[in-house]
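Comments concern the structure below.
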Amino acid sequence: MDLVSQWFEKLFRDLGWWYTIGFVGQIVFGARFVVQWIVSERRKQSIIPIHFWYLSLTGSLLLLTYAVGRVDPVFVLGQLFNSFVYVRNLMFIHRRKTAVEPHGLIIK
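Sequential numbering from 129 applies to the sequence shown in this note's numbering.
See below:
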């Protein structure tokens with residue numbers, strides 16, 4: 129276990145905040161699937177709740193920040209495009225004139 133703690137210490141000492149931003153971005157981005165899975169299990173059908181899109185956007189923006197800090201143009205381009213898709217989906221959801229229940233599912 130000492131090797132693991134030494135590795136993390138070196139990792140954060142060398143790049144500090146950039147790795148923190150990247151790890152948090154990955155955690156938030158990955159959490160969207162956990163949220164989607166839980167909501168789908170409760171409904172017994174495949175559902176994409178509004179929280180999925182907010183977690184996608186937040187995670188993507190954090191990962192975009194990380195990519196800019198690491199000067200990685202491939203990663204920057206990918207996360208920038210993804211962010212537009214997530215914003216657009218949220219715009220569609222918020223434009224709907226139907227009621228929205230607490231889990232973010234649209235009721236007709």
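Cβ atoms here follow ideal geometry from the backbone N, Cα and C, with glycine treated the same way.
Original post:
DSSP three-state call for Lys-172: helix, strand or coil?
Top reply: coil
**OP:** Take the Cβ of Leu-131 as the centre, count every other Cβ of all protein chains shown within 10 Å, and call the residue buried at 16 or more, exposed below.
**Re:** exposed
Original post:
Contact between the region 149-156 and the region 185-205: three or more CB pairs below 8 Å?
Top reply: yes
Original post:
Within 10 angstroms of its Cβ, does Trp-135 collect 16 or more other Cβ (buried), or is it exposed?
Top reply: exposed
Original post:
What is the rounded straight-line gap between the Cα of His-222 and the Cα of Val-215?
Top reply: 11 Å
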